[in-house]
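Protein chains in written order, with numbering that gives the first Met the number 0: chain E, 0 to 1020; chain Y, 0 to 540.
Everything on this sheet refers to the single structure shown next.
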Amino acid sequence: MKTVFILLALLFVADIQSQTLKITGNVTDGKEAIIGATVTVKEIKNVGTVTNIDGNFTLQLPEGAKNIEITYIGYDKKTIAIGKNTHFKVVMTSTNQNLEELVVIGYGTMKKRDLTGAITSISSEEINGSKTSTVLEAMQGKVAGLVIQGSSEPGAGSSVMIRGASSLSTEDGANSPLYIVDGMEVASIDNINPNDIASVEVLKDAASASIYGSKSANGVILITTVQGKEGTPKIAVNYSFRNSNIAHKIPAMNRQQGIDYVNMRNYATGAMPSTAIENVDTYNPVFMQDNYLQDLLFRNAPTHKVDLSVAGATNTLKYYVGAGYLNDQGIQINTYNKQMTVRSNVDYTATKNLSIGSRISLARSDRRTASSRSRIELLTRPANYPIYELDGSYSPVIWGRANPMAEAMLGAADNDIYDINMNQFLELKFLKHFKFKPSISTVLSNNLYNDFNPAILDLSFLRNSTNQTSTTFSWTNENVLSYAQTIGNHSISAMAGLSYQKSNTKITTLNVTGNVSDNLPISYSYMQAKSSTNSRETGNALASLFGRVSYSYLGRYLFNANIRRDGSSRFGLNNRYGTFPSASVGWRLSDEKFMKFAKPVLEDAKFRLSYGKTGNQGASNFPWQGMYNLSVYATDPGFYPSQLENKNLSWETTQQTNLGLDLKLFKSRVEIIADYYKKQTSDVLFRISIPETSGFSSVYRNIGNVDNEGYELAINTVNIQTKNLQWKTGIALTFNQNMISSVPPGGRLYSNDMYVIDKGFALGTMFGYKALNIFSYNESNNYDMNWNQLTPIFDERGVFVEYQLNGQTYTGERQQKKYATADGKVFAGGDVNWDDINKDGVIDDNDRQIIGNGAPDVTGGFSNSITYKGFSLSAFFSFSFGGDIYKRSVASNNAWTLSSITRGDPRIVAQSWVAPGDNAKYPILYDSKVENTRQTSSLWIEDGSYIRLKNLKIGYDLPTNLLKHIHIKSLNVYCMLQDYFTWTNYSMFDPEMAASGYNYGMDLNMYPRAKSILFGLNLNF
Amino acid sequence: MKRTIIFIIASIFLLSSCMDEFLDVQPVSDLSTEKYWKTEDDVRTALNSAYSYIQTTYNYGFSSWYEGRSDSWAPLSTTNTLGTSFNVLTNQMGPSNWTGWYSIISIANYSIHYVPQTLISDQIKKKHFIAEAYFLRAFAYFNIARIWGDAPLVIKPTLNVDGIEYPFKSSQAIILDQVRKDIDSAFVMADIEGTLGGSVKVDKSKFSTGALYALATDYYMWMHEYQKALDYSKPLNFFMNNTSIALNAVTDYPKLFTPSDAASQTENIWIMKWDYVSQNNAINNAVWSFMNPTSPTYNFSSWFYSGSPYKAELLPSLNKKANNGWMFDVYFKGDKRKAYTLDTVAGGTSQATQYVIASAASKTIWKFNGGVKALTADQAKNYPMVLYRYADILLLRAEAYNRLGDITNAIAELKKIRDRAGLIATNVKINEYFPGAGINQTRAVTDYVADGPNGMSNQLELDILKERSIELLGEGKRWFDLIRTGRAMAIMNDYYDFALTISTTVKLNKYTDEKQLYRPVYYRNLITNPNLDSTLVITNP
C-alpha cells in the first residue's frame, strides 16, 4: 500500500518547466473527463503533461511546437495542430475494441480476431454486473458449452462441465475443468472475489486446451485478474446488501394430516386406528404442536458484501490492490460463509527489456454448513413432535427422530479455509522478437475442519467431534520462451516452455466420541472417551514440455499448432509420459475478393477447424502402485494388500474435432458464434470389478470409451444504438449428446442402483421399473393370454360380474402379473401395475428399463440490457430443458417401508390408492406384499426443465457534474432481483442441483434455492 | 534463433534425464510393495491381517455357515436366518459371499510368496511363518469346501493387474486335496520340535503347532481317515513350548469363553480374539447372534422338539409337536455344564413362535458370558470365539475310535467329557443322560454294538454327536458334524417334519439332494468372474 501512495504523490508532483507559450485544454470521451491522458508535443521529445482529475491540462509550449498528441490507453491517438488556439477541447474516440480485443490463451494472448479454437471470453462487466458471491455463479448460462449447476448454500461448490461428462472415474473433479488463475493452477475458484476479475476465458476445444496436456480433457477455465491502467489511481468502493429467502416451499403434513396418514396406513394393513399417545392425546401440550418446519428452519438472510480497490499505473509500474469482505448468510438458519480476500497485482518495468511481476492473493473463508440430517427431518418428522421443551430448551431425539432445529442450531460443521496464492515472474525481451518468461508460483491452502455434535443430538446422548487439518502446498516452475514477428503480410509466432509442478497434502484428523461437555466443542480426549487419530500425506508431480506455432497471412489464413509432453507421477512406470498434440486452422472468408458482394451486410466471417488430443488424470495420487492398508486383529495391527499394482495405468485420452463459424453482420450489430464438436474419450479410467478370489475386489484400469457430440450457439445483438438509448440482447445455447461407446468389463453396471453404465447409454441414464398405473381392483390384475388387460365389471352393489375385453365378455384363459419374490406374490388392487417388458408375467430385474435421463437436452442463457442516459435495465434468464430428476429423498420418505413416524409427502398421500375402484396415481400406503415402492421406478421421476430469472437489475449513474463537487468520479446505484422467479413443473425445492460425473439429476435432501433482492452502489474516486 | 534451439535442446535433455527422478513420488502414509516384506514385523503384521479377516468373515457369516443350518437352532425373524434354517438359500444372501475367505487366502498366498524373500535371518522362524501361511490357507479352503462344495482354487498370489485370474471351479475333492497338501507343507515348515522355545510364546489367538494338529484332526475326520485323525490328535502332539493341553476343570468351564481368560486356558487350542474398540465399536456377532437376551437371531430348537417316529433317534421321544415345555432341566439333569451354558435365571413362561416350539422368553445361551446373563450388548464387547479346544478333539477321537470299531476307546474318550460334566463316571447310561419322559433309553456300555465304520445305526455315534451338540453348543460345530457323519439330510428332514410348527407362509425346502448341503455362490462373485457361469450355481429350489 505504501508504494501505491508514493506513486500517487509522484503523479501529482509531475510538473513541467515553464516555457514561452502556454496552452490549456480539456480531454473527454464525450461524456466524462479522461484523467491521466498524456499530452505531448509531437515535434519535441520529453515535453508533455497529463490531464488532471477534471480532464484539464496546461502545457508550456517550447519553440518549434506545431502539433500536440493526446494518447490514452484504449483510445485512438489524437494529433491536433496548434495553430493560433490556446484552448483545446479534445474528444477521444475509443479504439475499436472488437478488432483489437485480446483474448487470453494458454501461455499467452491472442487477438480475438485470430482465434482458431473454441474459446469464449467473459468480460469483467458480465462477472461483476451479476453481483454474485462466486465467479461460477456469475458465469452460469453465459457460455455456450459450459454447464454450471450450483446450490444456494453459502460456500458450496458448483458442478462445472464443459462439453459433457467424459470420465467414468468417481474421483473428485474427474469431470471438472482445469482452473488457471493468472497462470497458476488452482483446485477451485470459489474463493476468488468476482470484483478482482478482469476476464474469464473458457477453453473448450482440444486445440485451445491441449497446451495443458494431461489435465485438459475437460476444458480449461482461465481467469485473469485486474491490472492497473495508466492514469491517476482509480479508487473504487462497491457495497451491496442482499436479502434472501427460500424461493419455493413445499407442502408437509401437518399434525392432523399426519395422524390421518398413520390411520390410513393402519387401515391398509388391517389394523385399528393408532392409539399412540401423540396421536390421540389432545391435552398434552407437548404433542399438540403443529410445526411447519420449513417456516422454522428457513429465514430472511441478510448478506453484506463490500469491496475496495485501488488501481493505477505509471510508465514503469502497474498496480492493483483489492480487498473484499463477504458475509454471506444462508437461508437455512445457522449457515454462512464469511470470506475475506486480498489481492495485489504489481508489474514493474525495470529496464526497457526487463519487467517483473507479482500476483499475490490471500483468502480466508469461515464457513458453517448445515447437516443434511436437518433437511431429512425437515420433510419427514411428524408435525406434532415438539421442537422446544416447556422450559424453552430444544427437545432431544424422539423415537429416533432428530430435532431439525437443534441439528441446525447446535450441530456445528465448520470449515476455516486459508488460501495463499503467489506468482512471481520476470519477462526478458531480447533479440527484438523474443521474450523469455520464467515464473514460480505457489499455492498454500489450509483447511481446518471442525464438527461437533452435542449430547442432545445423539440417541444415546454421546457427544462426538472431529477436528481435521489439511494443508496442501504446491509449486510450479514454468519457463516460457516466445517469439513473434510480422514480416510483410505474414505474422509468425512461436512459444516453447518447460514446466515442473509438485504438490503435497498433509491431513491430520482427530476424532472423539464421548466428549466431556457441550461447552467444549473440540476433540478433547480424556480417558473414558473413544478417540482416534491419524495423519496422512500424499502428493504428486508433473513435468512438462510444451510449444506452439502460429501463422497468419493477412489475418485471412490462420494456422495454430500445439504440442505438450507430460510426465506424471500418478501413472505407471510403463505409461508415465504422454504427448498431446493439436492443430487448428482458420479461414477468414469475408476477406476474400469473391465475398465483396456481401460486405455491406457481412462484416466478418471466419471458419474454424481444429483437432487435437487432450488428457485427463482423474485418479487418486497413487493409483498404479501395489498398496497395503491397515487392519487390526483385536489389538494387533495388520497390513493387507489393498490395491493391485498396474504399471500400465495411464491417463484418459480425448480426441476432439471442432468446427466453428464466427459471423459479424451489420457493422458488428449482430454477432453469431456457432460450434459443432465431437469428443471421443478412450482409455477411460475406471475401477473395474475383478474376481474376489484374487483377494481384491476392483482395480483401476484404462478401459472404456465415452463420446460427446454437441452444438453450441451464441448470438449477440445490438438492437438499438442511438446517442442515448442502447438495447442489447444475447443468447447462448448448449446441446450435448453423450454416449458410452464400450461395454464395461464384466458387463453392465449400475451406479447408485440406478444410473446405467453400458454401451449405447448416455451418462446419467436412469434405469428402473416403469409404473403403468395402479390396479384399481384385485381383479384388475387379469390379462388374456396375449397380455391384454381385462376390465373387471361389477354390479351396482360392487359384486364382481365378469371380465371384459374391448367391451366384450371374456371367459377365456386368464393370467396375472406376479412379483419376483421367492413365492411370487400376485399384484392386487392398490399395487403398481409395472410394465412387464418381457411378457413373462413376473416383474423382476429383466423388466428394468430406461425411465429417464438426468442430463438436459439444452441449457443456456438469455440476456437483455437497455441503457438510457444514466439508467440501465438488464435481465438475464438461464434455462435447462429435458433433464429428468429422480427424487431420491422423496422416494425413500414415501416408500412406506419406514415406520409410520416417517411422514410422507401429503400430495402423494392424497393421490394414493385407498379403496377398490380408486384410480390413483400412487399405490396403497403399505408395502409388505409386493414391495411396490421400494425399487427404483418411474414413480419418482419428474421433468427438471426450468427457466429462471437469474437477475433483473435496474441501475442509475448519477450525473458526473453533480458528483464533481464532492470529488466523486462516478456513482452507480442499483437494485436487483436474483433467482427471483423460476418457471418449472418440478414439485420439490428446486430443479437445479449439482451433478457429480454421471450422477445427474439426483435430488437428495438438497439445500433449497434462495431468491434474493439486492441493493448496492459502486463508487469511483 | 540459435539460443532458442539451444534452449529447446537443453530442455528436452533435462526433461528426459532428471524427469524420472522428479516424478518418483512415493507414498508417505501408505505402504507400497516396494517398502514392504522386509522384516519380521512386516511378516507378522501381514499374517495378522489374515486373522483380522477371519474376524470380519466370522462376524457376518458364522451362524449362517455353521450351526444356523443345523437342527440345534431355529430362526426367530429375519429373512436371511429363515432361509438358513429352512434350506432356502439364495445367491443374494450375504453369507453366500466367499470374498472374506479368499481375502484370507490372498494374504496366505502373498506370505508364501514373499516370506522367503524377507531379511529374516533365523531360518526356523522364517519357516514357521511360512507354516502359518499354509495353515491359514488350509483353514480357509477347508471351510470353503465345507460351505460351498466346489469352488475356485487359487494358490498363487495376485501381484499385479496382469496376474488377475478368472478361475473355473474346482471340485470339492480337489480343494480338499489342496487342504491336505497345505497341512502337510505346514507340518514340514513348522517348528514342531519347539526349537524356537521360549522365544516364541504360544499365542492361542494365532497359529501354533497345537492349532495345526487340531486342524489336521478335524480335516482327517472329514475325510473319514480315522487312523490319521487319531494319530494327529494324540494328546502328546499338543505339547508345544511347554504349553500343555488338558481339559479345564468344570469349575473353570466358564473361563474358556471369557475375554480375559480364554487365551490362557489349557483346554483351548485356537481362539479368535475380539476387541470392541478396534472393531469400531462393533460386537462379535458370531457370539452375539446366539446370546442376545432381547432379540437373538436364533433360538434353540433341537432339545425341545420331539420326533416320532424318530428315524434318526437323535432325541428321546416326546409327544410330537405337543410339548411346549422348557426341557433343559430334563436334558441337563445332573449336568454341571448347565449352569455355565444356559440362562437359568430369566424366563419361565414358554413361548411358541410360529416356527418352532421355542424356548422360554429371554432364555439365552450364556456360556460366552462366563455363565451369567448378558444384559446388554456392551457386555459382549470383547467376546472371543473358540475355534478349537481339547473337548472338541476328544469327542472327535471318540467318533474315530467308534468308526474304527474300537468301542472301548471310543467310550473312554466320551467318558472324559461326561466325567467333567459330573455325569455318571463309570457307566454310560443314556436314560440318566437323556431321561426322555416315559421312554426307556437306558444304555450300558455293553449295549453298544460295533457295526462297522459307516454304520448308520450306530447308537454310539449318535450319542457322541449328541454329546458334541451339548458340549460345543454355539461353537459352530453341529452342521459339519451332520454332514461328516452322513446324517445331515435325514436328521434335518426329520427336524422339519416333526419338530416344527411352521406357518404356511414360511418357505421350507426338505433335503432331496446332497448338493443342497452347500451354499449357492453369491451373485456378485459370479458377476465378477465370467468363468463362473450360472450353470455352475447350485440352485437351491
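Ideal Cβ positions, reconstructed from N, Cα and C, are used throughout, including at glycine.
As far as DSSP is concerned, P990 (chain E) takes part in no beta bridge. Residues are counted here when their Cβ sits less than 7 angstroms from a Cβ of chain E; for the segment 28-53 of chain Y these are S28, D29, L30, S31, T32, Y35, T44, A45, N47, S48, Y50, S51, given in chain order. Between T634 (chain E) and D274 (chain Y) the beta-carbon gap is near 5 angstroms, inside 8 angstroms, which marks them as a contact. Contact with chain Y is absent for G614 (chain E), since none of that chain's Cβ atoms lies less than 8 angstroms from the residue's Cβ. Chain Y places no beta carbon closer than 8 angstroms to that of N352 (chain E), leaving this residue out of the contacts. Taking 8 angstroms as the upper bound for CB-CB distance, S473 (chain E) and K505 (chain E) are not in contact here, some 12 angstroms apart. Taking C-alpha positions only, N715 (chain E) is separated from G227 (chain E) by approximately 29 angstroms.
Taken through DSSP and simplified to helix, strand or coil, M753 (chain E) comes out as coil.
At the C-beta level, S308 (chain E) and A362 (chain E) stay beyond 8 angstroms of one another.
For S63 (chain Y), not one C-beta of chain E is nearer than 8 angstroms to its own C-beta. Under the three-state reduction of DSSP, R523 (chain Y) is assigned to helix. Excluding its 5 nearest sequence neighbours in each direction, I836 (chain E) has C-beta neighbours in its own chain below 7 angstroms: D846, Q848, listed in chain order.
Checking the DSSP bridge columns, you'll see D956 (chain E) partnered with E:N971. Among the CB atoms of chain Y, one or more fall inside 8 angstroms of the CB of E691 (chain E).
By the criterion of a C-beta distance shorter than 8 angstroms, S123 (chain E) is surrounded in its chain by I196, A197, S198, V225, once the five residues flanking it on both sides are discounted. Cβ contact annotation for L1018 (chain E) (same chain, cutoff 6 angstroms, sequence separation greater than five): V236, L970, in chain order. Taking a 10 Å sphere around the C-beta of G487 (chain E), we find fewer than 16 other C-beta atoms and assign the residue as exposed. When secondary structure is reduced to three states using DSSP, F774 (chain E) falls in the coil class, being assigned neither helix nor strand. For S168 (chain E), the closest C-alpha among the options E:A994, E:F685, E:G546, E:N960 is that of E:F685. Closest in alpha carbon position to Q264 (chain Y), among Y:K203, Y:D217, Y:Y225, is Y:K203. In terms of beta-carbon proximity, L507 (chain Y) stays away from the interface with chain E, with every pair separated by 8 angstroms or more. Checking the DSSP bridge columns, you'll see L948 (chain E) partnered with E:F876, E:F980.
Against N159 (chain Y), the close residues of chain E are G625, L643, E644, N645, K646, in the order they occur along the chain (beta-carbon pairs closer than 8 angstroms). Among the residues of chain E, those whose CB is under 9 angstroms from the CB of Y109 (chain Y) are Y639, P640, G694, following chain order.
With a beta-carbon spacing of about 6 angstroms, Q338 (chain E) and N190 (chain E) fall inside the 8 angstroms limit used to define contacts. For the segment 112-135 of chain Y, the beta-carbon criterion of a distance under 9 angstroms to any beta-carbon of chain E is satisfied by none of its residues.
The beta carbon of N510 (chain E) sits no closer than 8 angstroms to any beta carbon of chain Y.
Rounded to the nearest angstrom, the Cβ distance from N530 (chain Y) to P166 (chain Y) is 7 angstroms, consistent with a contact under 8 angstroms. The alpha-carbon separation between S862 (chain E) and V717 (chain E) amounts to approximately 12 angstroms. Proximity of chain Y to N539 (chain E) at the Cβ level (cut-off 8 angstroms) is accounted for by V24, in chain order. Using a Cβ-Cβ cut-off of 8 angstroms, T485 (chain E) does not count as an interface residue toward chain Y, since no Cβ of chain Y sits closer than that to its own.
Counting along the chain, the unbroken alpha helix (DSSP H) around M138 (chain E) starts and ends at 134-138. Secondary structure within the segment 197-272 of chain E: the alpha helix (DSSP H) runs of 4 or more consecutive residues, fully enclosed, are 205-208, 254-268 (chain order). Two segments are said to touch when three or more pairs of C-beta atoms, one from each, lie closer than 8 angstroms; by this definition the segment 208-222 of chain E does not touch the segment 862-874 of chain E. In this structure, G485 (chain Y) keeps its C-beta atom at 8 angstroms or more from the C-beta atom of Y65 (chain Y). A420 (chain Y) carries a coil assignment under DSSP once its states are collapsed to helix, strand and coil.
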